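Read top to bottom, the protein sequences are chains A and B.
Once you know that position 45 of the first sequence is 441 in the working numbering, the rest is easy, because the numbers rise by one and skip nothing.
Once you know that position 160 of the second sequence is 556 in the working numbering, the rest is easy, because the numbers rise by one and skip nothing.
Don't be surprised by glycine CBs; every beta carbon is placed ideally from N, CA and C.
This one's a predicted model, so the numbers in the text were calculated from it and none came from an experiment.
Protein chains: 2
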Amino acid sequence: MTRKVSGPEIERVIQLLGRLPGLGPRSARKAALALIKRRNDLLVPLSEALADAVAKIVECGTCGNLDTVSPCSICQDSRRDTSLIVVVEEVGDLWALERAGVVNGLYHVLGGHLSPLDGIGPDRLNIARLIERAGSGTVKEIVLALNATVEGQSTAHYLTEQLAPTGIIVSRLAQGVPVGGELDYLDEGTLAAAIKSRRRM
Amino acid sequence: MTRKVSGPEIERVIQLLGRLPGLGPRSARKAALALIKRRNDLLVPLSEALADAVAKIVECGTCGNLDTVSPCSICQDSRRDTSLIVVVEEVGDLWALERAGVVNGLYHVLGGHLSPLDGIGPDRLNIARLIERAGSGTVKEIVLALNATVEGQSTAHYLTEQLAPTGIIVSRLAQGVPVGGELDYLDEGTLAAAIKSRRRM
Numbered sequence: 397m398t399r400k401v402s403g404p405e406i407e408r409v410i411q412l413l414g415r416l417p418g419l420g421p422r423s424a425r426k427a428a429l430a431l432i433k434r435r436n437d438l439l440v441p442l443s444e445a446l447a448d449a450v451a452k453i454v455e456c457g458t459c460g461n462l463d464t465v466s467p468c469s470i471c472q473d474s475r476r477d478t479s480l481i482v483v484v485e486e487v488g489d490l491w492a493l494e495r496a497g498v499v500n501g502l503y504h505v506l507g508g509h510l511s512p513l514d515g516i517g518p519d520r521l522n523i524a525r526l527i528e529r530a531g532s533g534t535v536k537e538i539v540l541a542l543n544a545t546v547e548g549q550s551t552a553h554y555l556t557e558q559l560a561p562t563g564i565i566v567s568r569l570a571q572g573v574p575v576g577g578e579l580d581y582l583d584e585g586t587l588a589a590a591i592k593s594r595r596r597m
Numbered sequence: 397m398t399r400k401v402s403g404p405e406i407e408r409v410i411q412l413l414g415r416l417p418g419l420g421p422r423s424a425r426k427a428a429l430a431l432i433k434r435r436n437d438l439l440v441p442l443s444e445a446l447a448d449a450v451a452k453i454v455e456c457g458t459c460g461n462l463d464t465v466s467p468c469s470i471c472q473d474s475r476r477d478t479s480l481i482v483v484v485e486e487v488g489d490l491w492a493l494e495r496a497g498v499v500n501g502l503y504h505v506l507g508g509h510l511s512p513l514d515g516i517g518p519d520r521l522n523i524a525r526l527i528e529r530a531g532s533g534t535v536k537e538i539v540l541a542l543n544a545t546v547e548g549q550s551t552a553h554y555l556t557e558q559l560a561p562t563g564i565i566v567s568r569l570a571q572g573v574p575v576g577g578e579l580d581y582l583d584e585g586t587l588a589a590a591i592k593s594r595r596r597m
C-alpha cells in the first residue's frame, strides 16, 4: 500500500533532481526539500548561478572543454605544448587532470565513450574533430586518458585504429597500483597490470 | 600543485549544489556539468519546476507539512483520526510514513531536533504549536516518531516532559530488528532493544 504523498509540484522537482548523476530517489527527495525550505539562501542563488553559467559558458570549438570563451583558455594558453593532446571522455576528467596539474599539453573532450548498446557510435562523439586536429601537422603525441572501463578501453582501441594512418604516437595511461592503495583490496586485473608493467628500482 | 580549473560561473554552481544534502564536492561537480550540458532537457525544466513549487507550496499552519493549501490536505482529510498526532522531525519523515501508509492520524512536523551545541533550542522548533494542539481537547495520543539518534531521543524526552501536564498518552516508535535485518549485522543497542521488547509468539 503506497500513497502519493507530496503534491505534483514537489514530485516534479524530485523527479528532475533524480536525473542528476549521483542523486538517487532518496537524496533527490532530501535535496528538493532543502531547496524548497531554504528558498532565499539556496534556491534563489542557485537559480541565478545556473542562469549565469548557461548564459556565459560555451563549448570550446576546438577541444570540447567548457569555458566562457571559444577557443577555451587552455587552447589559447601559449605556454602549453601544442604537440601533445590528451583525450578524455568528459569535461570532469579534464578538470581532474588539471587539478592534478600533470598535463602541460592540450586536451580533447570526446563527450562520452562508444556504447553500441545505447546507440552511441563514433558519430555521436567528438571524434571527427580529433582526427582533424591530429592531421594539422603540429601534434606529435596523443594520450588516450579514458576510463579503465570496458567502454573506455574499447573506445581507446577504436581511436588507436582511426589514428594509425596519421603516424602520430598514440599512448594510454599506465595501469597499476593507485597511490596509497593496499594490495589486499585491489582487484586481480589491477594487480596483473601492476606486475606486468613493473619497473626497476 | 592545484590549479583552479573551471571558471567562476561553474565554481559558483558547484559550490551551491554542494550545499544540498547528500551531494559531496565530487557529485556536485558531476551534477553541475550535467545541468550545464543538458540545458534544455534538464536545467530549464528544473528551474521551472522549482519556481512553480516555490510559488505554490506553503507550510501548513497547523502541522508544518508542505502542501499547496494550509491547512494541508492531510489536516483537512475528514477520514483521518484527529485524536492521534504523529510527531516527526522533518517533512521527509512524514512522507516516509505516508508512503508506508501506516498512519491514519494527523502529523506534526517539528522542523528538526533539539541541538544545544548548534544553538537549536525549543523556540527554534515547531513545539509551541504542538502543545497548543495537544490542549485542544480532541487529541488522545501523541506518537513521537523521531529519529533513533541521540538528538532525536533527547528531543523526545523534552517533548514528553512538556506534554506531561496535558495528561495525553505520549508514545514512541518500537525499537527492534528491522524487517529483513540479519542479527549479525545489527548493533548492540538494536539487539538489546529487540530482546527487551520481545513479544510472545
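- In terms of Cβ geometry, I481 of chain A and G501 of chain A form a close pair [threshold 9 Å].
- The Cβ neighbour count for Y503 of chain A, taken over all protein chains shown within 10 Å, is at least 16; the residue is labelled buried.
- Per DSSP, the continuous alpha helix (DSSP H) segment holding D448 of chain B begins and ends at 440-452.
- In terms of Cβ geometry, G515 of chain B and E486 of chain B do not form a close pair [threshold 9 Å].
- Taking C-beta atoms as the reference points, G572 of chain A and T562 of chain A fail to come closer than 9 Å.
- Taking one beta carbon from each stretch, the segment 419-429 of chain B and the segment 414-426 of chain A have 3 or more pairs nearer than 8 Å; the two touch.
- Here the alpha carbons of E405 of chain B and N543 of chain A stand approximately 27 Å from one another.
- Scanning the segment 485-554 of chain A from its first residue to its last, the whole alpha helix (DSSP H) runs of 4-plus residues come out as 487-496, 524-530.
- I432 of chain A and E455 of chain B have their C-alpha atoms spaced approximately 10 Å apart.
- In chain order, L416, P417, G418, L419 make up the part of chain A whose C-beta sits under 8 Å from the C-beta of A427 of chain B.
- Counting of Cβ neighbours within 10 angstroms places L521 of chain A among the buried residues, the total reaching 16 or more.
- The residues H509, S511, in chain order, have a CB closer than 6 Å to that of E547 of chain B in the same chain once the five nearest residues on each side in sequence are set aside.
- CA-to-CA, the gap between R495 of chain B and G488 of chain B works out to about 10 Å.
- A Cβ of chain B is located within less than 9 Å of the beta carbon of T464 of chain A.
- Around the C-beta of D580 of chain B, fewer than 16 other C-beta atoms lie within 10 Å, and the residue is accordingly described as exposed.
- The alpha-carbon separation between Q411 of chain A and L442 of chain B amounts to approximately 9 Å.
- Here the alpha carbon of W491 of chain A sits roughly 42 Å from the alpha carbon of L506 of chain B.
- Put simply, of B:A524, B:T545, B:V499, B:P574 the residue whose alpha carbon is nearest the alpha carbon of L559 of chain B is B:A524.
- For S567 of chain B, the three-state secondary structure derived from DSSP is strand.
- Among the residues of chain B, those whose CB is under 8 Å from the CB of E405 of chain A are A445, D448, A449, K452, I453, T464, following chain order.
- Identification of chain A residues near V409 of chain B by a Cβ-Cβ cut-off of 9 Å yields L442, A445, L446, D448, A449, ordered along the chain.
- Of all residues in the segment 505-535 of chain A, none is placed with a Cβ closer than 7 Å to any Cβ belonging to chain B.
- At a C-beta separation below 8 Å, R435 of chain B has these neighbours in chain A: V450.
- Taking G414 of chain A as the centre and dropping the five residues before and after it, the same chain places the C-beta of G420, P421, A424 closer than 8 Å to its C-beta, in chain order.
- In the structure shown, the three-state DSSP call for D583 of chain B is coil.
- Spatial neighbours of L438 of chain A in its own chain (CB-CB distance under 8 Å, excluding positions within 5 residues in sequence) are listed in chain order as A430, L431.
- Where R422 of chain B is concerned, the enclosing alpha helix (DSSP H) starts and stops at 421-433.
- Of the residues assessed, A451 of chain A falls on the exposed side of the cut-off, its CB having fewer than 16 other CB atoms within 10 angstroms.
- As the crow flies, the alpha-carbon of L493 of chain B is around 34 Å from that of L446 of chain A.
- T478 of chain A and T464 of chain B have their C-alpha atoms spaced approximately 58 Å apart.
- Spatial neighbours of A552 of chain B in its own chain (CB-CB distance under 8 Å, excluding positions within 5 residues in sequence) are listed in chain order as L540, L542, R568.
- In this structure G460 of chain B is not in contact with P467 of chain B, their Cβ atoms being roughly 11 Å apart against a cut-off of 8 Å.
- Straight through space, the alpha carbons of D519 of chain A and A588 of chain A are spaced by roughly 34 Å.
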